[in-house]
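So the sequence lines, in the order shown, correspond to chains D and R. Counting with the working numbering, you get residues 1 to 378 for the letters of the first sequence. Counting with the working numbering, you get residues 1 to 339 for the letters of the second sequence. Don't be surprised by glycine CBs; every beta carbon is placed ideally from N, CA and C. Remarks on the structure that follows.
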Amino acid sequence: MTSTLNTAPTTDGEVKIDTEERIKIRDIEIVDVIVMVGSAISALALSYFFFQILLPVSGALGFLVCWYIFFNIISTVAVWELRGAIKAKDHLARIFIWTGGMAAVVPLILVLAYVIGKGYHSLRPQFFTQDQKFVGALSESTEGGGAHAIVGTLEQVGIASLISVPLGITTAVYLNEVKGRLTKPLRMIIDAMSAVPSIVAGLFIYAAWILALGNQQTGLAGSLALAVLFLPTVTRTSEVVLRLVPGGLREASLALGGTEWRTTSRVVLPTAKSGLVTAVILGVARVIGETAPLILTVGGAFVMNANPLSGKQDALPYFVFRLIRFPQEAQVARAWTGALVLVILVLVLFVIARAIGGRGPDNISRLKKRRLKRKGLA
Amino acid sequence: MSVIGQSAPSDLAGDSAPEHVVDPVVRRSGVDRIFRGVASSSGIITFILMGLIGGFLLLKGYDALKVAGWGFLTDSEWAPDQGGKFGIAAILPFTVQIAVVALFIAVPVALSTALFITEYAPRKLRRVLTAMIDLLAAVPSLIYGLWGLFYLQPRLITLSKWMADHMSWVPFFHVDDQYGTSLGIFPSSTFVSGVIVSLMVIPICTAVMREVFSQAPPGEREGAMALGGTRWGVVRDVILPFGRGGIIGGSMLGLGRALGETIAVTLIISPAFTAKWSILDQGSNSIAALIALKFSESSTFGISALMAAGLALFIITLLVNAAASTVVSKSRSGASTEI
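Structure below.
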């Protein structure tokens, strides 16, 4: 980027204009590196002196914090001396913003590493095939499994998706394609609904489905609660995806005499397909770990119940939530295994979603590009 | 169809005077009418659903509300099944305290993360970081709760103790020294739960702020650069003023999320029913956690009381969220892209 201006006039070699040297925005100069390394080292020495010798405290974290503060002070002063106040402020802001950016990522890595470390001990293939029928509180943590919970979760999330995905996408189509008097208030309601706390969704289903209509706690009740949480997520994300479909495509379809239904079903939705799939999968990844509404609705069970329509059912998050509070080591270990499986499910869904979408609708995937090339279209 | 409706006046106007512009008469086929009907009715279902949530909570919570009366807002115990008083006077402040602690951590982190992603990060890192923030949002709150309970809390209470020892002049950090400040009094506190909840708030705030920052007009950004501004200068004078709505709105959306967070708080806290200023020592509560903890041991009337509490939480999050989306929508947002 920086080189384009300098090389352009000198290519023919005749007229060599004495160009001013261009200010390089991105390049790192040797001096800067020296300042940074020097500040780092002197901060290390200073914090060693203060932390280990003067203060009667110890610990890696405290040392790190100490070093960080000293590094900031020293390097800022150095930059100030070298380049003036404006650069020094810029430098300080850069440090803080980098720190903040990293601070958001570190916990994620810690959480994932911790769950994997805790859970993999008792992760056996039978965790996916057995339930807790023959497991007592004192059995080994490797006995039995969470198959009943996994089946329950998959069924509940599946039913919730069957309800919410069509409804959500149709609502998004209404918001973005049909548009009527309701558009504005509806968008507000969807926003408000996405803020409904998950426990309130559970309470609602308990009040309406179980208390008022006289049903029992079943997997279906859990699915309904999840559907309430899933609906606004799907609607909002699909609406964003639909909004990315170029308006020109719609106009072209309409100008060719296409009806609104044809325009939506043949032009808008296919264009937005990968985005919609991504939106749905990401939504599933969020809903699959919801625990609070399930506490009130599914009832929980220790044995396999594959029928979501009758009888209490278990769910993976609820399984973890119950077992983690047992006093027995083995139960806690089982809970961690469940947590690991849950995290793996979420990660798999997340990776699939990223692989399918994550691009705008105008970007063609590598696979599709190859297919188009074979047909001689691109 | 919207496209016609919107673009017609400006496109057709051309050289003719504006009063000649007629709204195009649209004759829709039967299929289209059905299509519009189906799409609108799915929108109406959402409306009805939202009304039903509030309605049923009110219906089922009404028994308890009738008994408690105004005491529901002023009593701090929770003993509906023992025939005692019950109210949210202590639980609501605790809920707000946890949310405020969470925001105190989440907003600066989210702000700098959003700035980092839009302004500072190299292109490759930007994509990785965006994915990681999305993943941070996708990890279930149960997992954060477990991690907080087993990993973070034992480490965090040393910080709690340090703050109680050295910063007790801040009213929130002042711990009654009756038993001395041993480490044992610091777990299960408002502070610890707030820190855990902040992890769940960060991705929401970051997403909103990043969205708004990335819409900052490139002309103004380049103008600031051309005037010799540093990167921080651009951020301070172009990005931040432009994104103010997004920052406030994002924080409020985060607040809504923090108020309703259930499982992580349920795992961390040990329930308390007396409101207090100090956030560092043991004992806290939240409406959502109260519902999750008391639900299985409540009678019909107790559940009615929990419904009333849920209704209160529902209304509060609705208000916070409505305010947030008003603020966000006031800041300039993207419309449909054109070819």
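By the Cβ neighbour-count rule, R/D176 is exposed, with fewer than 16 other Cβ atoms within 10 Å of its own. In this structure, the alpha-carbon of D/I95 lies about 11 Å from that of D/A88. Shown in chain order are the members of the stretch 82-103 of chain D whose Cβ falls below 9 Å from a Cβ of chain R: I86, K87, K89, D90, H91, L92, A93, R94, F96, I97, W98, T99, G100, G101, M102 and A103. Taking 9 Å as the cut-off, the beta carbon of D/L342 is found closer than this to the beta carbon of D/I288. Among the CB atoms of chain D, one or more fall inside 9 Å of the CB of R/S141. Nearest CB-CB separation between R/A90 and chain D: not below the 9 Å threshold. From the beta-carbon of R/A292, the residues of chain D found nearer than 7 Å are I199, A292 and I295. If you check each beta-carbon in the stretch 300-325 of chain D against every beta-carbon of chain R, the ones closer than 7 Å belong to P317, V320, F321 and I324. Looking at the backbone, the Cα of R/V101 and that of D/D90 are separated by about 29 Å. The three-state secondary structure of R/P271, taken from DSSP, is strand.
Under the three-state reduction of DSSP output, D/S141 falls in the coil class, being neither helix nor strand.
Not a single CB atom of chain D sits nearer than 9 Å to the CB of R/F186. Here the alpha carbons of D/R236 and D/T183 stand approximately 13 Å from one another. Between R/F150 and R/A305, the gap from beta carbon to beta carbon reaches 9 Å or more. Chain D places no beta carbon closer than 9 Å to that of R/R221, leaving this residue out of the contacts.
Under the rule that a run must span 3 or more residues, no beta strand (DSSP E) segment is found entirely inside the stretch 40-126 of chain R. Residues of the same chain with a CB within less than 7 Å of the CB of D/G219, apart from the 5 flanking positions on each side, are G152, E155, Q156, V298, P308 and Q313 in chain order. Rounded to the nearest angstrom, the gap between the Cα atoms of D/A333 and D/R322 is 12 Å.
Ranking D/V240, D/R354, D/T264 and D/A301 by CA distance to the CA of R/R36 puts D/T264 first. Runs of the alpha helix (DSSP H) lying entirely within the stretch 229-315 of chain R and spanning at least 4 residues, in chain order: 231-234, 244-260, 263-268 and 287-294. Within the model, the alpha-carbon separation for R/R257 versus D/G275 is close to 25 Å. In this chain, D/K312 is not harboured by any alpha helix (DSSP H), its DSSP state being neither H nor E. D/H148 counts as buried, since no fewer than 16 other beta carbons sit within 10 angstroms of its beta carbon. Across the set D/W98, D/L108 and D/I159, the C-alpha of D/W98 shows the shortest separation from the C-alpha of R/S112. By the Cβ neighbour-count rule, D/R187 is buried, with 16 or more other Cβ atoms within 10 Å of its own.
For D/L316 and R/E211, the gap between their C-alpha atoms comes out near 33 Å. In this structure, the alpha-carbon of R/P154 lies about 16 Å from that of R/A264.
In its chain, beyond the 5 residues on either side, P80, D81, A305 and L306 have a beta carbon closer than 8 Å to the beta carbon of R/S298. Against chain R, the CB of D/F71 has no partner CB under 9 Å away; the residue lies outside that interface. For R/I185, there is no enclosing alpha helix (DSSP H), as DSSP marks it with neither H nor E.
Exclusion of the five residues before and after D/A172 leaves T235, S238, E239 and L242 as the residues of its chain whose Cβ lies within less than 7 Å of its Cβ. For D/S122, no alpha helix (DSSP H) segment is defined, and its DSSP state is neither H nor E.
Bounds of the alpha helix (DSSP H) holding D/F350 are E329 to I356. Beta-bridge partners of D/S42 (DSSP): none assigned. When secondary structure is reduced to three states using DSSP, D/G299 falls in the strand class. The beta carbon of D/K133 sits closer than 8 Å to the beta carbons of G144, F302, V303 and M304 from its chain, once the five residues preceding and following it are set aside; these are given in chain order.
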